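Each residue of the sequence shown is one higher than the one before, counting from 1 in the numbering used here.
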Amino acid sequence: MNDTRALYIEQRVANESRSALVAYLLWFFLGFFGVHRFYLGRWVSGLLMLVLFGIGSALTVLLVGYLPLAFVALWWALDALLIPGMIASDNAWLRLRLMQGYDA
């Protein structure tokens with residue numbers, strides 16, 4: 001691979017990369033709804049987080065909803081550590097696709 005192609009690939013990765021600042025803002029303000037996971041392309045886990053939060057909120061009247069809410073709170077706290085890895089893995093996957101010649 002020549003230098004021009006490598007620069008092109010790195011520029012594409014930089015342009016298409018998700019913003020860590022946006023991800024953390026979404027995590028902080030809307031994290032219990034899984035919005036940061038939707039932004040990072042993790043649709044299934046974002047939807048699961050949203051459903052668990054909804055079920056937990058609805059069942060708090062019966063006092064059994066606190067368990068799903070506690071699980072979502074733990075998941076939310078762990079995601080603070082996982083966001084940089086999610087962004088890095090997406091960038092690595094995009095870089096690999098571009099190096100193999102698949103134009104995204």
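We put the beta carbon where it would ideally sit given N, CA and C, even for glycine.
Since we're looking at a predicted model, the values are computed, not measured.
{"Check": "Contact under 8 Å by Cβ, Leu96 with Val13", "Outcome": "no"}
{"Check": "Contact under 8 Å by Cβ, Val72 with Leu52", "Outcome": "yes"}
{"Check": "Reduced DSSP secondary structure (H/G/I, E/B, other) of Gln11", "Outcome": "helix"}
{"Check": "Rounded C-alpha distance that separates Asn2 from Ile9", "Outcome": "11 Å"}
{"Check": "Outcome for Trp75 when other beta-carbon atoms lying within 10 angstroms are tallied against a minimum of 16", "Outcome": "buried"}
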